[in-house]
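Asker: Residue numbers (our numbering), protein chains in the order written: chain Z, 1221 to 1528; chain P, 7 to 423.
Glycine included, each C-beta is placed from N, C-alpha and C at the ideal position.
Before I ask anything, let me first share the structure, which is written out below as structure tokens.
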């Protein structure tokens, strides 16, 4: 075989190679927008099915060995509890809470369960300076109390007000939040305790992608029964726990101002100036220094010249 | 300290040797050359000390309570407001007021304005102590204060803004210790150390500028993690770091003016003629810098509103509160600074400085607490939380005064330098 290298062939080959390299590089940088692990799990909450029985609260309390509540789980007066004008929220004794909402024009109230939504790109994780949080391929956002410093930035960053702090402990404080029953159930392929306990099938456990399909199907097949939106599909960059609601989401206590992109996107402006400041400032201010110095010495020189 | 009366012009212990030629011992230097009895007398004569004692009498038990019974025992332990006064005032308020170190360092070492030398050390000390006590406040607030070094050595999360804050504050603290150490080396008479620091002064100053830019900005950027929680008028996610950095400039300069005014009036015995003769002129110079920084800040705040199209918010109650802050904390000191500098009214510049110091603390409290969770409710701090905050500030005051009494900050060291 007469193998010949000529200049044209070489250039063509080189161009092709660099184009290939560029393309493959570009392929890699696509990872800058993380869309979640492909087979991660999630839960679809259908508010039209929830009757506010609080079984999920009880199951969670038992599964996670949380302290016994002041009022038993079959006491429904808790729905009237208000603190600072707010309905109940997660705290260091409860990872999940169900609240009741009276909707004008609806005969029956709606109930909403809140817990960690297990974001695809969690704000708590990205704001943590000791990497205490992990997003597992199964979809859970878990927390490592052994490295946590207790700065509580994750609580500031969470757009859903989920992580709570064990303020009551001086020696063993930690963040308390839902972990999707990661250790005890999710890794074994089982649904979290709250889902399993739900008598109404208001909570559906499954692959996040399948749940999105299911949600859309329910909306399509029951015209007028649902808001045409799956809360959590895009909120905060997408969450593992998602909601269907028969009433406008704002009326059921959802924060509709949560952006449709990861919270981290708002921080990137600053993060990107850091390397620039680190590299440009030394040259810039050394330059100022040299200018000031030069003026000084020049000043002396001309003075001397004048004297001559 | 009345024992050094205004009639005796010489400064106590301003050189290594006593008037008779013998060397001052460290102990004598610490006691300011007074006997124990004399020191005690001057201490008890000062009403400020009685106030401090009262603050500590209640504050120290409260701090112990915090460490043995948990944060929840002295604060409202709010999950909605994870950051209270300790960080709102102690970290977000103290750090901009401590920008003075890098600002005066830059003025003198980089821009070559040697006329600011008499006030440079005061600015450096003010910076060092402000940062140090921001860390003290942090140690009160952190859930696990014994893990303060974790982000450095144990578990690193380098993509987080707080990671930058931690590293920059830590390294900048070391830079500031080095910068202030020249005064300490003179005081203990170790000139080799001082000469070494002098030889790397430009490098130290430039690293100070880098670290200050980044972490003053980073403190602002921390709030960009909560774009939906803070009222839009107090958060502009694109520009938040610039807003914080720019406001730190007039905050730091104003703090030096306030501090030097206090020294000039209440610590006259410790100041030498060089400081006393130049402080008015330097105050005008600093005031000029403040006026420039304030007008810049005002403009970029408006740019922030325009960029995010927040105009409609100005018509709400929150908007009026925002305009009140802009008027009292930005426009008013700006006008006073500008007028005072132009007409050489030093007193006016000093009042403007006080207003802008309070104003910047107000702004940081607004961002971190008052306008945080603006759609929920206001959190009023527990009185114990307020008292502990005041106690730590009192400790800051005492350390500040202790150092000014002794090290050559307000006066020049006599003899070998």
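1) With residue 4 of chain P and residue 87 of chain P assumed to form a contact (beta carbons below 8 angstroms), what rounded beta-carbon distance in angstroms separates them?
2) I'd like to know if the stretch 118–126 of chain P and the stretch 282–291 of chain P are in contact, where contact means that at least 3 CB-CB pairs between them fall below 8 angstroms.
3) Keeping to the same chain, check which residues put their C-beta closer than 6 angstroms to that of residue 133 of chain P; ignore five residues upstream and five downstream.
4) Under 7 angstroms Cβ to Cβ from residue 258 of chain P, same chain only, skipping five residues before and after it: list those, please.
5) If we require 4 or more residues per run, which alpha helix (DSSP H) segments fall completely within the stretch 1428–1495 of chain Z?
6) Does the beta carbon of residue 1486 of chain Z come closer than 8 angstroms to any beta carbon on chain P?
7) Are the beta-carbon atoms of residue 38 of chain P and residue 411 of chain P separated by less than 8 angstroms?
8) In whole angstroms, give me the CA-to-CA distance for residue 138 of chain P and residue 1308 of chain Z.
9) Let me see if you follow: with CB-CB separation under 8 angstroms, is residue 1367 of chain Z close to chain P or not?
10) Can you confirm whether residue 153 of chain P, when its beta carbon is compared against all beta carbons of chain Z, has any partner nearer than 8 angstroms?
11) Could you tell me the alpha carbon to alpha carbon distance between residue 223 of chain P and residue 1303 of chain Z, rounded to whole angstroms?
12) At 9 angstroms on the CB atoms, spell out the chain P contacts of residue 1498 of chain Z, in chain order.
13) Could you list which residues in chain P have their beta carbon closer than 9 angstroms to that of residue 1354 of chain Z, in chain order?
14) Looking at the structure shown, is residue 1268 of chain Z part of a helix, part of a strand, or coil, going by DSSP?
15) Mind reading off the beta-carbon distance from residue 1463 of chain Z to residue 1265 of chain Z? Whole number of angstroms is fine, and I expect it under 8 angstroms.
16) So what does residue 1262 of chain Z bridge to, in DSSP terms?
17) Interface residues of chain Z around residue 169 of chain P at Cβ under 7 angstroms?
18) Return the residue from the list P:254, P:301, P:249, P:228 that minimises the CA-CA distance to residue 1485 of chain Z.
19) Residue 1290 of chain Z to residue 1314 of chain Z, Cα distance in whole Å?
20) Residue 1262 of chain Z and residue 1405 of chain Z - do their beta-carbons sit closer together than 8 angstroms?
21) Can you give me the C-alpha to C-alpha distance between residue 1422 of chain Z and residue 1332 of chain Z, rounded to a whole angstrom?
22) Residue 1365 of chain Z and residue 1374 of chain Z - do their beta-carbons sit closer together than 8 angstroms?
23) Can you find the residues in the same chain that come closer than 6 angstroms, C-beta to C-beta, to residue 230 of chain P, ignoring five residues on each side of it along the sequence?
24) When you compare the CB of residue 1340 of chain Z with every CB in chain P, is at least one pair closer than 8 angstroms?
25) For residue 1459 of chain Z, count neighbouring Cβ atoms within 10 angstroms of its own Cβ and tell me buried if that reaches 16, exposed if not.
26) Give me the DSSP bridge partner(s) of residue 1311 of chain Z.
27) If residue 415 of chain P and residue 131 of chain P are in contact, beta carbons under 8 angstroms, what's the gap, nearest whole angstrom?
28) Roughly how many angstroms lie between the CA atoms of residue 1470 of chain Z and residue 1451 of chain Z, to the nearest whole one?
29) Does DSSP put residue 1361 of chain Z in a helix, a strand or coil?
30) DSSP state of residue 277 of chain P, grouped into three classes?
31) Give me the residue from P:395, P:371, P:387, P:385 with the minimum Cα distance to residue 4 of chain P.
Answerer: Judging by the given coordinates:
1) No statement about residue 4 of chain P is possible, as the shown extent of chain P runs from 7 to 423 and does not include it.
2) yes
3) If you ignore the 5 residues before and after residue 133 of chain P, its C-beta comes within less than 6 angstroms of the C-beta of 104, 106, 107, 182, all in its own chain and listed in chain order.
4) 102, 103, 104, 105, 106, 109
5) 1428–1441
6) Closer than 8 angstroms: yes.
7) yes
8) 39 angstroms
9) yes
10) Closer than 8 angstroms to some Cβ of chain Z, the Cβ of residue 153 of chain P qualifies, so yes.
11) 35 angstroms
12) 216, 220
13) Simply none; closest approach about 11 angstroms.
14) coil
15) Taking 8 angstroms as the upper bound for CB-CB distance, residue 1463 of chain Z and residue 1265 of chain Z are in contact here, some 5 angstroms apart.
16) Z:1426
17) Correct list: 1349.
18) P:228
19) It is roughly 11 angstroms from the alpha-carbon of residue 1290 of chain Z to the alpha-carbon of residue 1314 of chain Z.
20) The criterion of a C-beta distance shorter than 8 angstroms is not satisfied by residue 1405 of chain Z and residue 1262 of chain Z.
21) 10 angstroms
22) no
23) 243, 246
24) no
25) Residue environment for residue 1459 of chain Z: buried (at least 16 other C-beta atoms within 10 angstroms of its C-beta).
26) Z:1314
27) 6 angstroms
28) 11 angstroms
29) strand
30) coil
31) Because chain P here runs from 7 to 423, residue 4 of chain P falls outside it and cannot be looked at.
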